[in-house]
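Structure first, commentary second.
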Amino acid sequence: GESVGLHLPTLSVQEGDNSIINCAYSNSASDYFIWYKQESGKGPQFIIDIRSNMDKRQGQRVTVLLNKTVKHLSLQIAATQPGDSAVYFCAENNQAGTALIFGKGTTLSVSS
Amino acid sequence: NAGVTQTPKFQVLKTGQSMTLQCAQDMNHEYMSWYRQDPGMGLRLIHYSVGAGITDQGEVPNGYNVSRSTTEDFPLRLLSAAPSQTSVYFCASSTPGQPQHFGDGTRLSIL
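Going down the list, the protein sequences come from chains C and L.
Take 1 as the starting number for the first sequence in our numbering and just add one per residue.
Take 1 as the starting number for the second sequence in our numbering and just add one per residue.
If you want it as structure tokens, here you go:
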């Protein structure tokens, strides 16, 4: 079936370091991927998305890379700040494109 | 714009009680969805809707009902609450092909 997963449940970095959060997906037909950030007590917040016709997309301090050959997605955060501490989820569209399938999340902890 | 609004924020129920979780969006989004989030399991899709009058089941629909009589509202009903339904519930909305916007959740405990 369809599923999206993450490689590591936790990641600890120092302020100013670059962070890389990884995600593996199983459905080779998936064509849309999204990264969300979830802070304690809040709903998931959109960070960046990428479609399957792209390999890389950049936002402000964030970059998403998509490797369709190995079905791997990553989120890179440059110059990580304490405010980046949160749980990060990757998600993909379901087959109909009407809802999302989420991975289990990676908790990013940033120490200053 | 308020975005996606969920009420209540917290609720405690007894086993067997029924209740409705409310979700409203003011962005004129066609798509709306309900997810539940349990520790260590990410978000799982319960039900979704692609427009008024149209709903469909997600990954974990048992024990929940939905309806979509207007574009703005998508309530989730628990007919007879069970302890296994203790969770955090999130509602989301989007236009087709765009990222989903989430509410801040309803934290539900069933005793």
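Note that beta-carbon positions come from the ideal geometry of N, C-alpha and C, so glycine has one too.
Fair warning: this is a prediction, and the values are worked out from it, not measured in the lab.
Please decide whether residue i counts as near chain C, where near means a Cβ-Cβ distance under 8 Å.
i     : result
L:V50 : yes
L:G53 : no
L:L13 : no
L:D73 : no
L:T7  : no
Taking only beta-carbon atoms, is residue i less than 8 Å away from chain L?
i      : result
C:T10  : no
C:A86  : no
C:G105 : yes
Would you call the CB atoms of residue i and residue j closer than 8 Å?
i      : j     : result
L:L45  : L:Y35 : yes
C:L73  : C:D55 : no
L:L79  : L:L13 : no
L:G3   : L:Q37 : no
L:T124 : L:P83 : Any property of residue 124 of chain L remains undetermined from this structure, which presents chain L solely from 1 to 111.
When the Cα of residue i is compared with those of the options, which residue comes out closest?
i      : options                         : result
L:G103 : L:G97, L:I110 and L:C91         : L:C91
C:V64  : C:W35, C:I101, C:T107 and C:G16 : C:W35
L:L76  : L:D38, L:L21 and L:K14          : L:L21
C:V70  : C:N18, C:N22, C:L11 and C:V13   : C:N22
From what residue to what residue does the beta strand (DSSP E) around residue i run?
i      : result
C:K56  : K56 to Q58
L:G51  : L43 to G51
C:L66  : V62 to N67
C:D49  : Q45 to R51
C:A24  : S19 to Y25
L:D56  : I54 to Q57
L:N65  : Y64 to V66
C:L108 : T106 to S111
> Listed from N- to C-terminal order along the chain, which residues in the region 24-53 of chain L have their beta-carbon within a distance smaller than 8 Å of any beta-carbon of chain C?
Replying inline: Y31, S33, Y35, G40, M41, G42, L43, R44, L45, Y48 and V50
>> Taking beta-carbon pairs under 8 Å, can you tell me which members of the region 75-100 of chain L lie near chain C?
In response: Of all residues in the region 75-100 of chain L, those with a C-beta nearer than 8 Å to a C-beta of chain C are F90, A92, P96, G97, P99 and Q100, reading in chain order.
> In chain order, what residues of the region 67-87 of chain C put their CB closer than 7 Å to some CB of chain L?
Replying inline: Along the region 67-87 of chain C, there is no position whose C-beta sits under 7 Å from a C-beta of chain L.
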